[in-house]
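Report on one structure; see the data block that follows.
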Amino acid sequence: MASISFRVSKDEERLIKDYVKVNNLNLSETLRNLILDEIEDDLKLDEERILEAQNRIGKEKAYDHTEVWEKLGV
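Numbering of the sequence shown is given in numbering that gives the first Met the number 0, commencing with residue 0 and proceeding in unit increments.
In structure tokens, the structure reads:
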């Protein structure tokens, strides 16, 4: 299994360690789950944006050139 390191301030380190201790959690597992949940949420939002765009495209009316000229009164 690979490992990833990142920098935090002493205060952030204390906060994180206190949190996992009080909640009887595993530090590595907790951080991994939080990061993966964040990535999953971001991907879900991207997927929702794509689906919304596809729905809008399906509802848009396409005009051919003769209809455009008629609408413009030309």
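Beta carbons are placed, not taken as given, at the ideal position from N, Cα and C, and that holds for glycine.
Small disclaimer: the values here were computed from a predicted structure and weren't measured.
Query, Result
"To the nearest angstrom, report how far apart M0 and V21 are at their CA atoms.", "27 Å"
"Where does L50 sit, in a helix, a strand or coil, going by DSSP?", "helix"
"Short of 7 Å in beta carbon distance, which residues of its chain neighbour K60, apart from the five on each side in sequence? Order them along the chain.", "none"
"Is any heavy atom of the ligand NAD found at a distance shorter than 7 Å from the C-beta of L14?", "The ligand NAD is absent from the structure shown, which contains no ligands of any kind."
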